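Peer 1: One structure coming up, written as structure tokens, with questions to follow.
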Amino acid sequence: MEIASKYEPHQVEKRWYDYWMKHNYFHSTPDDREPYTIVIPPPNVTGVLHMGHMLNNTIQDVLIRRARLKGRNACWVPGTDHASIATEAKVVAKLKEQGIHKNEISREEFLEHAWDWTHEYGGVILEQLKKLGCSCDWDRTAFTMDKERHDSVIKVFIDLFKKGLIYRGYRMVNWDPEAKTTLSDEEVIYEEKQGLLYYLEYSIEDSDEKVTIATTRPETILGDTAVCINPNDERYAHLRGKKAIVPLCNRVIPIIEDEYVDIEFGTGCLKVTPAHDINDKALGEKHHLETVDIFNDDATLNSYGLHYEGKDRFVVRKEIAKELEEKGFLVKTEQHLNKVGTSERTKAVIEPRLSDQWFLKMEELVKPAIRAVLESDDIKFFPKRFDNTYRHWMENIRDWNISRQLWWGQRIPAYYFGDGQDDFVVAFDAEVALDRAREKSGNPNLTMADLKQDEDVLDTWFSSWLWPISVFNGILDPENEEVKYYYPTNDLVTGPDILFFWVARMIIAGYEYRDTRPFENVYFTGLVRDKQRRKMSKSLGNSPDALKLIEEYGADGVRVGLLLSSAAGNDLMFDEDLCQQGKNFANKIWNGFRLLKGWEVADIPQPEASKMGLEWYKAKFNQTLREIEDHFGKYRISDALMAIYKLVWDDYSSWLLEIIKPAYQQPIDKKTFKAVIQIFEQNLKLLHPFMPFLTEEVWQHISERDPSQALIISKWPEAYTADEDLIGQFDFVTEVVAGIRTIRKEKNIPMKESLELSVLNEENLVRDWDSVIGKLTNLSSISYVDKTVDGALSFRVKSNEYFIPISGAIDVEAEKAKIEDELKYIKGFLTSVQKKLSNERFVNNAPEQVIEMERKKQADAEAKIETLEKSLASLG
Numbered sequence: 087m088e089i090a091s092k093y094e095p096h097q098v099e100k101r102w103y104d105y106w107m108k109h110n111y112f113h114s115t116p117d118d119r120e121p122y123t124i125v126i127p128p129p130n131v132t133g134v135l136h137m138g139h140m141l142n143n144t145i146q147d148v149l150i151r152r153a154r155l156k157g158r159n160a161c162w163v164p165g166t167d168h169a170s171i172a173t174e175a176k177v178v179a180k181l182k183e184q185g186i187h188k189n190e191i192s193r194e195e196f197l198e199h200a201w202d203w204t205h206e207y208g209g210v211i212l213e214q215l216k217k218l219g220c221s222c223d224w225d226r227t228a229f230t231m232d233k234e235r236h237d238s239v240i241k242v243f244i245d246l247f248k249k250g251l252i253y254r255g256y257r258m259v260n261w262d263p264e265a266k267t268t269l270s271d272e273e274v275i276y277e278e279k280q281g282l283l284y285y286l287e288y289s290i291e292d293s294d295e296k297v298t299i300a301t302t303r304p305e306t307i308l309g310d311t312a313v314c315i316n317p318n319d320e321r322y323a324h325l326r327g328k329k330a331i332v333p334l335c336n337r338v339i340p341i342i343e344d345e346y347v348d349i350e351f352g353t354g355c356l357k358v359t360p361a362h363d364i365n366d367k368a369l370g371e372k373h374h375l376e377t378v379d380i381f382n383d384d385a386t387l388n389s390y391g392l393h394y395e396g397k398d399r400f401v402v403r404k405e406i407a408k409e410l411e412e413k414g415f416l417v418k419t420e421q422h423l424n425k426v427g428t429s430e431r432t433k434a435v436i437e438p439r440l441s442d443q444w445f446l447k448m449e450e451l452v453k454p455a456i457r458a459v460l461e462s463d464d465i466k467f468f469p470k471r472f473d474n475t476y477r478h479w480m481e482n483i484r485d486w487n488i489s490r491q492l493w494w495g496q497r498i499p500a501y502y503f504g505d506g507q508d509d510f511v512v513a514f515d516a517e518v519a520l521d522r523a524r525e526k527s528g529n530p531n532l533t534m535a536d537l538k539q540d541e542d543v544l545d546t547w548f549s550s551w552l553w554p555i556s557v558f559n560g561i562l563d564p565e566n567e568e569v570k571y572y573y574p575t576n577d578l579v580t581g582p583d584i585l586f587f588w589v590a591r592m593i594i595a596g597y598e599y600r601d602t603r604p605f606e607n608v609y610f611t612g613l614v615r616d617k618q619r620r621k622m623s624k625s626l627g628n629s630p631d632a633l634k635l636i637e638e639y640g641a642d643g644v645r646v647g648l649l650l651s652s653a654a655g656n657d658l659m660f661d662e663d664l665c666q667q668g669k670n671f672a673n674k675i676w677n678g679f680r681l682l683k684g685w686e687v688a689d690i691p692q693p694e695a696s697k698m699g700l701e702w703y704k705a706k707f708n709q710t711l712r713e714i715e716d717h718f719g720k721y722r723i724s725d726a727l728m729a730i731y732k733l734v735w736d737d738y739s740s741w742l743l744e745i746i747k748p749a750y751q752q753p754i755d756k757k758t759f760k761a762v763i764q765i766f767e768q769n770l771k772l773l774h775p776f777m778p779f780l781t782e783e784v785w786q787h788i789s790e791r792d793p794s795q796a797l798i799i800s801k802w803p804e805a806y807t808a809d810e811d812l813i814g815q816f817d818f819v820t821e822v823v824a825g826i827r828t829i830r831k832e833k834n835i836p837m838k839e840s841l842e843l844s845v846l847n848e849e850n851l852v853r854d855w856d857s858v859i860g861k862l863t864n865l866s867s868i869s870y871v872d873k874t875v876d877g878a879l880s881f882r883v884k885s886n887e888y889f890i891p892i893s894g895a896i897d898v899e900a901e902k903a904k905i906e907d908e909l910k911y912i913k914g915f916l917t918s919v920q921k922k923l924s925n926e927r928f929v930n931n932a933p934e935q936v937i938e939m940e941r942k943k944q945a946d947a948e949a950k951i952e953t954l955e956k957s958l959a960s961l962g
């Protein structure tokens, strides 16, 4: 195959992805190999690829491709989440564009539209993941609303209900007035917002006296059913047993006493609105207060809102404040910073609302999950600091509100047959429900027409908490071969923002339904931020188009760019220059390969320099491989890539290729060429998980290979003990080479002009390295001396001194003057360091590492002075 002069990602990527798919390399079935399993955090079916997806899925692909190379049966299960709130909002918006309102059509008609939308757009993000190179087992693609997953959810609901863990209750919930559904506490984001504190006067019944209360929500006074004072507050002792009159609606309400009231806040006098505040609800129950709900489900006011009926709550807030002021009820307002709960999905301000909902008792369910992470270490978090976040959530857990007032989702399998509180049954389908309803009611004449299924659906997370089990059908068929083979899975890669939403709940479900952990390790990625540390979002316009990045820099370039600065658990400051760096790295590898393939190979003796260079690189490769394995073991994926990057860019490209490169228009010996090709192939194996397209392209160019020899299924290199002594010797050699090159540069001596080198070998460096030093610096000879050489330029590496005789082109006087200037500077620097070290106050108070650094500066300066003085002496 002819090698293109330039690496063109867009010409390569589709070809190799199609090749991998054609030969089924991504597909996994149970066999005698050790399994390695990852389940994808299912992106919303409404989603498109963004930077967070790019980072998360690149890391998963790195792990899965490495496991495949290590000979494990790698299975990466892809899929999408039905995302109840987000998808329903999309469908509602689309219908609205067509002039159709959700309330004007039946549930069945709406679901038809939702399924149509899902089939049309639902696979978009998965197709985009293919462009990134993700090697998922696409035959296993799952969807949280497909039949297996749907039926699994219903079965679990019924099971938990039978166990007495699911119950229906009239509770205060978080209400999203835009989505018109409840939200769990974890779906509410609290934001500090500047608002007003309104001071209002309530008249005391049968008196001219008034009492002032402070509220941030004047519109809710229409739902007030009490005024509360602290029994220890002497200011209001005279009000005990009296009644107040609510402004505007003139409702007469009791004045109650409770120590809940903060004497210091506002006026120390509290309005109680049980329908619209969770704390007021508790007070209402304790003191048997009336509950008056003033809101419709869209947060407009209902008939209790009097002449404000039908108006939005925030419109009413402004208007009622104005009316209260005009009628003399508003005393004053003050600026007030308030924490306001907003919906994570719709961004609407949440309303606390009393509602009949379904709940899951969590107190007992969480216990095995707490032990697994915090006590037994069965499940390990990377970074470990997230253990504390997990502990906080799990030890303060509340019952989970699992019902949602939506149509898109798994409908709650509760069927009502009467008006009584307990006149319902829970069953898998309507036929079973009818039989149970007849039995429970004692009425054999009940018909399907007498049954009404609960209108609510289950929280999206109630399906995704089963994901690692349900993708292998482990709920419906707990003994099937696949769930026994692939479960528990190995690694989960996700963001810390869904630690409680998803990670913790999967752990709970794993112990409840498989009596074991769902995964062994959880790797938390950071958030992708821009250079100003802002979270990337559409609203800020700071999130680049992921597909355009791939188009411009190639998938491999983007993958490398993301990973190079993505330390475990730390936020990634994304900079497009990183993708350019990744693209440059791809070009470096490509050009290095073209250089190799451009050499003529001949059956000639192997040069000593090549032999030494190859021996060193093999040792360096093994040292780096062990380092890489250690990084992977600690989930330092970025560090693993950086180690490979340095190995390939610095050690392989900058050093080894220069050592073995034949002279201009001369052939390379066969033995060296064969060895360097083998080395290059080992490099490609290390790089493949990070840069799959480029590496497969180069691999297939090296020699003709059949599908069984593709890089994607080749063998990961084995780590052997590295010859550390050999590596140390080469590090010394690089310093010698750098010293000679510095002299060439400073004295403008061209590389084509050969030099002589004399060595005072106090370090006893093995002379076998002379061939490498000579090759890299163009030396005509290397001689070993037992004393300094006069009339020569010199430099020092540790205790060794190196001398290069002065050629006629060097101005001796100018060189002496230059050395004298440098000596003067270094001596001055040494004096300043010595002053610092002779200062007892500094030595006694400075940290030990700082003192050690100063001592090293002193030693380095003294060695440099000695070398310069010898150089000066040698120049006469």
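Per my numbering: the sequence shown = residues 87 to 962.
Note that beta-carbon positions come from the ideal geometry of N, C-alpha and C, so glycine has one too.
Every value quoted in this text rests on a predicted model; they were computed, and no experiment measured them.
In angstroms, rounded to a whole number, what distance separates the CA positions of residue 699 and residue 676?
Peer 2: The residue you call residue 699 lines up with position 613 of the sequence shown. The residue you call residue 676 lines up with position 590 of the sequence shown. Cα-Cα distance, rounded: 21 Å.
Peer 1: Roughly how many angstroms separate the alpha carbons of residue 916 and residue 928, rounded to a whole number?
Peer 2: As a position in the sequence shown, residue 916 is number 830, starting the count at 1. As a position in the sequence shown, residue 928 is number 842, starting the count at 1. C-alpha separation (whole angstroms): 17 Å.
Peer 1: Going by CA-CA distance only, name the one from 184, 274, 527 and 812 that's closest to residue 701.
Peer 2: Position 615 of the sequence shown, counting from 1, holds the residue named residue 701. The option with the nearest alpha carbon to residue 701 is 812.
Peer 1: Among 740, 759, 739 and 738, which one has its Cα closest to the Cα of residue 748?
Peer 2: Residue 748 sits at position 662 when you count from the first residue of the sequence shown. The shortest C-alpha separation from residue 748 is found at 759.
Peer 1: Where residue 421 and residue 431 are concerned, what is the direct C-alpha to C-alpha distance, given to the nearest angstrom?
Peer 2: Against the sequence shown, residue 421 aligns to sequence position 335. Against the sequence shown, residue 431 aligns to sequence position 345. When rounded, the distance between both Cα atoms is 29 Å.
Peer 1: Decide if residue 394 is buried, meaning its Cβ has at least 16 other Cβ atoms within 10 Å, or exposed.
Peer 2: Counted from its first residue, the sequence shown places residue 394 at position 308. Its Cβ being crowded by 16 or more others within 10 Å, residue 394 is buried.
Peer 1: Comparing alpha-carbon positions, which option in 786, 720, 685 and 776 lies nearest residue 755?
Peer 2: As a working note, residue 755 is residue 669 in the sequence shown. Here the closest residue by C-alpha is 685.
Peer 1: By the three-class DSSP mapping on this structure, what secondary structure does residue 459 have?
Peer 2: By 1-based counting over the sequence shown, the position of residue 459 is 373. Of the three classes helix, strand and coil, the one that applies to residue 459 here is helix, per DSSP.
Peer 1: How far does the beta strand (DSSP E) with residue 493 in it reach, from first residue to last?
Peer 2: Along the sequence shown, one-based indexing puts residue 493 at 407. No beta strand (DSSP E) holds residue 493; DSSP gives it neither H nor E.
Peer 1: Using the DSSP secondary-structure output, state which residues sit across from residue 881 in a beta bridge.
Peer 2: Counting from one through the sequence shown, the residue named residue 881 turns up at place 795. DSSP lists 888 as partners of residue 881.
Peer 1: In chain order, what residues of the same chain lie with their CB nearer than 7 Å to the CB of residue 562, ignoring the 5 residues before and after it?
Peer 2: Within the sequence shown, numbered from 1, the residue matching residue 562 stands at position 476. 234, 237, 238 and 241, listed in sequence order.
Peer 1: Is the Cβ-Cβ distance between residue 892 and residue 878 less than 8 Å?
Peer 2: The residue you call residue 892 lines up with position 806 of the sequence shown. The residue you call residue 878 lines up with position 792 of the sequence shown. It is a contact, given that the beta carbons lie within the stated cut-off.
Peer 1: My output table needs one value for residue 870: the three-state DSSP class, helix, strand or coil.
Peer 2: Numbered from 1 along the sequence shown, position 784 holds the residue referred to as residue 870. In the structure shown, residue 870 sits in a strand (DSSP, three-state: E or B).
Peer 1: Looking at C-beta atoms only, is the number of pairs between the region 474–492 and the region 541–548 that lie closer than 8 Å three or more?
Peer 2: Touching, yes.
Peer 1: Alpha carbon to alpha carbon, how far is residue 773 from residue 474? Give it in angstroms, no decimals.
Peer 2: Within the sequence shown, the letter at position 388 stands for residue 474. Within the sequence shown, the letter at position 687 stands for residue 773. If you take the alpha carbons of residue 474 and residue 773, they lie about 35 Å apart.
Peer 1: Hey, how far is the Cα of residue 855 from the Cα of residue 819?
Peer 2: For the purposes of this step, residue 855 is taken as the residue at position 769 of the sequence shown. For the purposes of this step, residue 819 is taken as the residue at position 733 of the sequence shown. Residue 855 and residue 819: Cα-Cα distance of roughly 7 Å.
Peer 1: Output the distance between the C-alpha atoms of residue 585 and residue 210, rounded to the nearest integer angstrom.
Peer 2: The sequence position of residue 585 within the sequence shown is 499, counting from 1. The sequence position of residue 210 within the sequence shown is 124, counting from 1. In a straight line, the C-alpha of residue 585 is about 26 Å away from that of residue 210.
Peer 1: Classify residue 423 as buried or exposed, calling it buried when 16 or more other Cβ atoms lie within 10 Å of its own Cβ.
Peer 2: Residue numbering aside, residue 423 sits at position 337 when the sequence shown is read from its first letter. So residue 423 counts as exposed.
Peer 1: How long is the line joining the alpha carbons of residue 501 and residue 262, rounded to whole angstroms?
Peer 2: Counting from 1 along the sequence shown, the entry for residue 501 is found at position 415. Counting from 1 along the sequence shown, the entry for residue 262 is found at position 176. Using only the alpha carbons, I get a separation of about 26 Å.
Peer 1: In this structure, how does DSSP classify residue 429 when only helix, strand and coil are distinguished?
Peer 2: The count along the sequence shown starts at 1 and reaches residue 429 at position 343. Note: residue 429 maps to strand in three-state DSSP.
Peer 1: Express the C-alpha separation of residue 520 and residue 314 in angstroms, rounding to a whole number.
Peer 2: Working through the sequence shown from its first residue, we reach residue 314 at position 228. Working through the sequence shown from its first residue, we reach residue 520 at position 434. Distance between the alpha carbons of residue 314 and residue 520 is about 49 Å.
Peer 1: Where are the beta strand (DSSP E) runs, 3 residues long or more, that stay fully inside the region 595–648, in chain order?
Peer 2: If we require 3 residues or more, the beta strand (DSSP E) runs fully inside the region 595–648 come out as 605–610.
Peer 1: Would you identify the three-state DSSP class for residue 334, choosing helix, strand or coil?
Peer 2: In the sequence shown, the residue the question calls residue 334 occupies position 248. In the structure shown, residue 334 sits in coil (DSSP, three-state: anything other than H, G, I, E or B).
Peer 1: Check residue 444 in the structure and name its three-state DSSP category.
Peer 2: Stepping through the sequence shown from its first residue, residue 444 is reached at position 358. DSSP places residue 444 in strand when its eight states are reduced to three.
Peer 1: For the region 130–143 against the region 212–221, are there 3 or more C-beta pairs whose distance is under 8 Å?
Peer 2: Yes: the two stretches touch, three or more of their Cβ pairs being nearer than 8 Å.
Peer 1: Would a C-beta distance cut-off of 8 Å place residue 862 and residue 823 closer than the cut-off?
Peer 2: Here residue 862 is taken as the residue at index 776 of the sequence shown, counted from 1. Here residue 823 is taken as the residue at index 737 of the sequence shown, counted from 1. It is a contact, given that the beta carbons lie within the stated cut-off.
Peer 1: How would you label residue 138, buried or exposed, when you count the other beta carbons within 10 angstroms and need 16 or more for buried?
Peer 2: The count along the sequence shown starts at 1 and reaches residue 138 at position 52. Label assigned to residue 138: buried.
Peer 1: Quick check on the burial criterion: 16 or more other C-beta atoms within 10 angstroms. Buried or exposed for residue 683?
Peer 2: By one-based count along the sequence shown, residue 683 stands at place 597. Residue 683 comes out exposed.
Peer 1: Counting C-beta neighbours from all protein chains within 10 Å, is the total for residue 691 16 or more, i.e. buried, or is it exposed?
Peer 2: As a working note, residue 691 is residue 605 in the sequence shown. Classification of residue 691: exposed, given that the 10 Å Cβ count is below 16.
Peer 1: Less than 8 Å between CB atoms is the rule here; does residue 672 satisfy it with respect to chain B?
Peer 2: No chain B is present in this structure, which holds just one protein chain.
Peer 1: Run the CB neighbour count on residue 807, radius 10 Å, all protein chains shown included, and call it buried at 16 or more, exposed below.
Peer 2: Here residue 807 is taken as the residue at index 721 of the sequence shown, counted from 1. Label assigned to residue 807: exposed.
Peer 1: Quick one: measure Cβ to Cβ for residue 485 and residue 445, integer angstroms, because I've assumed they're closer than 8 Å.
Peer 2: Your numbering for residue 485 matches position 399 in the sequence shown. Your numbering for residue 445 matches position 359 in the sequence shown. 4 Å between Cβ atoms; contact.
Peer 1: Can you tell which of 153, 130 and 639 has the C-alpha that lies nearest to the C-alpha of residue 111?
Peer 2: The residue you call residue 111 lines up with position 25 of the sequence shown. The shortest Cα separation from residue 111 among 153, 130 and 639 belongs to 153.
Peer 1: With DSSP as the reference, label residue 358 as helix, strand or coil.
Peer 2: Position 272 of the sequence shown, counted from the first residue, corresponds to residue 358. Strand at residue 358.
Peer 1: So, at 7 Å on beta carbons, what are the nonlocal neighbours of residue 279 in its own chain, with the 5 sequence-adjacent residues on each side left out?
Peer 2: Here residue 279 is taken as the residue at index 193 of the sequence shown, counted from 1. Only 424 and 426 meet the Cβ criterion.
Peer 1: If you reduce the DSSP assignment to three classes, tell me which class residue 116 lands in.
Peer 2: The residue you call residue 116 lines up with position 30 of the sequence shown. Residue 116 falls in the coil class under three-state DSSP.
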